Amino acid sequence: MGGFNARVGPRKDGEVFIGPNSAQQRSEAEERLANFCETHHPFHGNSQFVKNPAMRWTHVSLNGQHYHELDHILRNKRVITDVGVVPSFKMGSDHRLLRARLHFDQGQACLLRIRSGRPRPTVIDEEVIGTVAEKEVFEMVDDVNEDYTRLVGTIIKIRNECRAEAPNHALRRISGSTRALLEKRRHMVGQANHVEYAVLSRLCRKRLAEDHANLVRSRLLDAAHRKRSLKMEKRALAEHRLSIPCLKAQDGSRCSTRPEMENVMANFNTALYRSESGQTTTVLSPGKEVPPFLTSEVRHAIETMPRGKAPSVDGITMELLQACGPELYTALTRRFSLYLAKCEVPVACKQSSTILLFKSVTKKTQKELPSHHATASTIQGFHALHHDSHTKGTG
C-alpha cells in the first residue's frame, strides 16, 4: 500500500494484473505503475472492485474542485476481498484513508508452503540401472581427459534415467490399520460420544507406538544387513535433536551464524585429517612391465566398497557403480589399463580429495580407522587406489 501519485485507470489490452474498474483515465506518465504490476505480478486492488466514484477518490485538490485516485493497494496474491475509502474518518489532510479487506485460507496457505518447499527427493532404482547400462556403449577416445569426461557423463546419464521419487516417509512409519483408526477418529471430532472418542484416541496412541517400534527395528536390521553404522542409524531415527547454537573458534570467539560455524568445522576437519607424510612413487627396474588390470579385480574392488557414503563433486555414488554391473566393470578395466600404459592420469583424478591410507589393515587396525577413510565412492578415488596398489604389487 502506498501513495504512488499515479492514476492507473482501467485495464488495457494485454494486461492481467490491472482491474477493469476505475473512474479516471491513465496518462503516459502513469504507465510506470502499470508496468510494475505486469512485471512483478502484484494485483492492483483498487481496480478489481466496482465502486461508486465518490468511494474511489483518495485525494482532493486545494480548491476542492478536482478529485483523484492516487493511493493504491497492491498484493501479490488474490486475497483481497474489498478495497474502499473510509469517508467518515477525517485525517486533517487532502488524502483519505484507504482500507482493504483480506481473506486468508489456511488450507491454501498450507498447500502453498508445501509447494514452495524443496522438491520431493528421488532415489536410484538399482534394478533398472543394470538394464539401462547394458544398452550403453562406453566408447573410448585417445585423449585421456576427454575420455574420462565422457565416461562420467555416461554414468550420470544412466543415473538420471533411472531415478524415481522416494517413497513417503509416512507410508513406512504408519501402517494401514493405524491410518484407518486415525481417519475414524478424525470424523468423530465434535460428536457427543466422548467415551468412544477417548477409547479410540488411546488405541491410536498405542498403535502409533507399535508402528514406531517396528520402524526402528526394521531400520536397524536393514543397517546391519548393509553393514552400516548402527550408531549413525539411531541418530537418524532420533525424534528430537538439539541444534548446535554456536561453536568456539581457534581464537576463543564464539560463532553463531551458519557460515561462520561451517568455516570452523571445515578448518577443524582439515587440520584433523591432513596427511603430513609425503607420497613415494615406486620406480620399475628396466625390462619390467606392469600387467594390465583384470575385470575381476575391478569387480571385486567395487563390490567390496562400503555403501551409503557421500559422493564427490561428480555426484556418482558407490551404489550407482555397483548397480551398473559388468558393463561398467569392463569399461573401467580398459581405461585403467590404458592410463597405466600411457603413464597418464586424468586431471579430475589428480584433483580428487579422497584420503587414501596405504597400509596393511588387520582386524585390530580396521576398527581404529574412521569410516570415511575407507571411502572411495567416486571413480577418481577408486582409480588412484588400485593404480597405486597394482604398481606396488608388480614392482
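Numbering (full-length UniProt numbering), first residue to last: 1 to 395.
Even glycine gets a Cβ: it sits at the ideal position worked out from N, Cα and C.
In this text the structure is predicted, and so the values were computed from the model without any measurement.
When secondary structure is reduced to three states using DSSP, His72 falls in the strand class.
Around the C-beta of Leu332, 16 or more other C-beta atoms lie within 10 Å, and the residue is accordingly described as buried. With fewer than 16 other beta carbons inside 10 angstroms of its own, Gln351 counts as exposed.
By the C-beta density criterion, Leu340 is buried, having at least 16 other C-beta atoms within 10 angstroms. When only Cα atoms are considered, Leu321 and Ile73 end up about 57 angstroms apart. A residue is called buried once 16 or more other Cβ atoms fall within 10 Å of its Cβ, and Pro119, having fewer, is exposed. Listed in chain order, the alpha helix (DSSP H) runs fully inside the stretch 81-146 are 106-116 and 126-135, counting runs of at least 4 residues.
Under DSSP, Arg163 shares a beta bridge with Ile124. A distance below 8 angstroms between beta-carbons, with the five flanking residues on each side excluded, links Ala224 to the following residues of its chain, in chain order: Leu230. Of all alpha-carbon atoms in His300, Glu15, Thr304 and Met305, the one lying nearest the alpha-carbon of Thr330 is that of His300.
Excluding its 5 nearest sequence neighbours in each direction, Asp94 has C-beta neighbours in its own chain below 8 angstroms: His59, Val60, Ser61 and Leu62, listed in chain order.
By the Cβ test, the stretch 4-19 is in contact with the stretch 30-39, since at least three Cβ pairs between them sit closer than 8 angstroms. Restricted to the stretch 226-279, the alpha helix (DSSP H) segments that are unbroken, complete and at least 4 residues in length are 230-236 and 258-272, listed in chain order. Distance from Ala164 to Thr122 at the Cβ level is roughly 6 angstroms; contact confirmed, criterion being Cβ atoms closer than 8 angstroms.
Within the stretch 301-339, the complete alpha helix (DSSP H) segments at least 4 residues long are 318-324, listed from N- to C-terminus. Per DSSP, Phe17 lies in no alpha helix (DSSP H) and is assigned neither H nor E.
Secondary structure note for Glu38: its alpha helix (DSSP H) is the uninterrupted segment Glu31 to His40.
Glu161 counts as exposed, since fewer than 16 other beta carbons sit within 10 angstroms of its beta carbon.
Here the stretch 285-297 makes no contact with the stretch 306-316; the two share fewer than three CB pairs at distances below 8 angstroms.
For Glu344, the CB contacts under 8 angstroms within the same chain, skipping 5 residues up- and downstream, are Val144 in chain order.
Straight-line spacing of the CA atoms in Glu327 and Met265 works out to 40 angstroms.
Take the alpha-carbon of Asp211 and the one of Arg226: they are about 22 angstroms apart. At the C-beta level, Arg173 and Leu215 come within 8 angstroms of one another.
Per the C-alpha coordinates, the member of Ser337, Arg254 and Ala109 positioned closest to Glu289 is Ser337.
Judged by their CB atoms, Ile80 and Phe43 are nearer to each other than the 8 angstroms cut-off. Around the C-beta of Val199, fewer than 16 other C-beta atoms lie within 10 Å, and the residue is accordingly described as exposed. The three-state reading of DSSP puts Val79 in coil, since its state is none of H, G, I, E or B. The beta-carbon separation of Leu70 and Arg7, rounded to 7 angstroms, stays under the 8 angstroms limit for a contact.
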